[in-house]
Amino acid sequence: MKERTAYIRSVGRFLPERKLTNRDLEKMVDTSDEWIFTRTGIRERRILGPGPGCSHMAVPAAMECLERAGVTPDEVDLIIVGTVTPDMMFPSTACLVQDMIGAKNAWGFDLSAGCSGFLFSLSTACQLIESGRVNRALVIGSDVISTLIDYKDRGTCVIFGDGAGAVLLEACTEPGFGFLDFILKIDGSGGDYLCLKGGGSRIPPTHESLDNGAHYVTQDGRQVFKAAVSEMSDVSVRILERNGLSGKDLTFFVPHQANNRIIEATAKRLNVEEHKVVVNIHKYGNTVSASIPLALYEAVMERGHEFKNGDYLLMSAFGAGFTWGSTLLRWWQP
Ligand code: COA
């Protein structure tokens, strides 16, 4: 058993005020509220739009974590921002956040893993805390995915929304508590099923790339759906089994909010009761890296009184890459 793990000291979030409802989308593409809700579980999503950038949401989410914990920015050692929509190619959004919040003793970086960005960032921060190199880390998932969406493409525009969520991690020295385990996977052969081809070094922005729509997200929804259900279920079952647990032992399951049917199918394979599955996709859609921390935030804020030290929480993500994984947290608060 590890002598030192990481635990979640506090949570924070930011959601843009502007709502884009299914009814609004009915006026933009050939779709309907009924189709979107039945096929995805989404009713509305939040839109930040171009201009303010990813850091505009990451900063208030991070500050909320610090304020809730009574920790000052100079006490933070590490900032990781999971994102596919950084403010700019470089410097990293982590550098912008560090400067804006005044975390003068922190280092950090951005981590790109599609919708698994928060989970991969969390794992990285946990390992740095376990090693003793870092005592306190801000892990943020923030995406302004609306800036990359073609609002004429009904197959993608109905799914995504903007937002940011964050957690403040600290070292936990109570053996058997905190983040106990991670399983993380990538499979680049799934890359073409969900990608943004333009804007990188292979297709830099040109008039032609703009005209070709290379700067918009493209996806094969059916392939992504199938892979998400099977891979999220597999790693979730595996992480439970290797820790001697089953779905029945969980207090909460916090899945990536990509599609309610993906969530239901995964929960069913895990044998987790419905009331333990955290779902907020109807309000925010798929917020990419922010999806898990936003769901976790709501679980903690609305049902935190149900959390007891020793409760098991499972989080699971799937995203572009393909990237996916699960983590097992044994809840602990000092
Ligand atoms: N409104 C109405 N009809 C739509 C539509 C929309 N917004 N989007 C697609 N359709 C149509 C398709 O054109 C197709 O019509 P056709 O049969 O005449 O060709 C039909 O609905 C079925 O399309 P399909 O793609 O099979 O639908 P689906 O049930 O798989 O749902 C997604 C589409 C995108 C909602 C679903 O595949 C999905 O959620 N995939 C995962 C996407 C995801 O999670 N991405 C992020 C991963 S992190």
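The letter at position 36 of the sequence shown is residue 40 when you use the working numbering, and the numbering goes up by one with no holes.
The beta carbon of each residue, even a glycine, is placed where N, CA and C say it ideally should be.
**Q.** Inside the stretch 36–74 only - alpha helix (DSSP H) runs reaching at least 4 residues
**A.** 37–44 and 58–73
Q) Measuring CA to CA, which of 134, 283, 273 and 149 is closest to residue 300? A) 283
Q: Report yes if the CB atom of residue 197 is closer than 8 Å to the CB atom of residue 50, and no otherwise.
A: no
(Q) For the alpha helix (DSSP H) containing residue 128, name the first residue and the last one. (A) 121–134
Q. Does the beta carbon of residue 39 fall short of 7 Å from some heavy atom of the ligand COA?
A. yes
(Q) Just to confirm, is the Cβ distance from residue 145 to residue 164 under 8 Å? (A) no
Q | Of the listed residues 94, 257 and 74, nearest to residue 275 (C-alpha basis) | A | 257
Q) Can you tell which of 313, 20, 167 and 137 has the C-alpha that lies nearest to the C-alpha of residue 8? A) 137
Q. Roughly how many whole angstroms lie between the Cα atoms of residue 193 and residue 214?
A. 26 Å
Q: Under 7 Å Cβ to Cβ from residue 34, same chain only, skipping five residues before and after it: list those, please.
A: 158
(Q) If distances are taken between C-alpha atoms only, which option among 182, 45, 333 and 180 comes closest to residue 254? (A) 333
Q. Per the contact definition of three or more C-beta pairs closer than 8 Å, is the stretch 183–190 in contact with the stretch 63–71?
A. no
Q. Mind checking residue 236: buried by the 16 CB within 10 Å criterion, or exposed?
A. buried
**Q.** Close-in-space but distant-in-sequence residues of the same chain around residue 125 (CB under 6 Å, 5 per side omitted)
**A.** 84, 86, 115 and 143
Q: Report the option in 40, 17 and 78 whose CA atom is closest to the CA atom of residue 167.
A: 17
Q: Would you mind giving the Cβ-Cβ distance between residue 4 and residue 161, rounded to the nearest angstrom? I have them listed as a contact below 8 Å.
A: The displayed coordinates of the chain run from 5 to 338. Any statement about residue 4 would go beyond what the structure contains.
Q | Cα-Cα separation between residue 296 and residue 321, rounded to whole angstroms | A | 8 Å
Q. Which residues in the same chain have their Cβ closer than 7 Å to the Cβ of residue 240, if we skip the five residues on either side of it in sequence?
A. 270, 274, 318, 320 and 330
Q.
Which of the three DSSP states is assigned to residue 102 in this structure?
A. helix
Q.
Short of 7 Å in beta carbon distance, which residues of its chain neighbour residue 58, apart from the five on each side in sequence? Order them along the chain.
A. 87, 89, 90, 91, 97, 146, 147 and 148
Q: Determine, using beta carbons only, whether residue 264 and residue 243 come nearer to each other than 8 Å.
A: no
Q: Have a look at residue 28 and residue 260 and give me their C-alpha separation to the nearest angstrom.
A: 25 Å
Q.
Would you say the beta carbon of residue 190 is closer than 7 Å to some non-hydrogen atom of the ligand COA?
A. no
(Q) Assuming the contact rule is C-beta atoms closer than 8 Å, residue 190 and residue 233 should be a hit. Round their C-beta distance to whole Å, please. (A) About 18 Å separates the two Cβ atoms, so there is no contact after all.
Q) Looking at the structure shown, is residue 146 part of a helix, part of a strand, or coil, going by DSSP? A) strand
Q) Can you find a heavy atom of the ligand COA that lies under 7 Å from the Cβ of residue 133? A) no
Q) To the nearest angstrom, how far is it from the Cα of residue 79 to the Cα of residue 140? A) 7 Å
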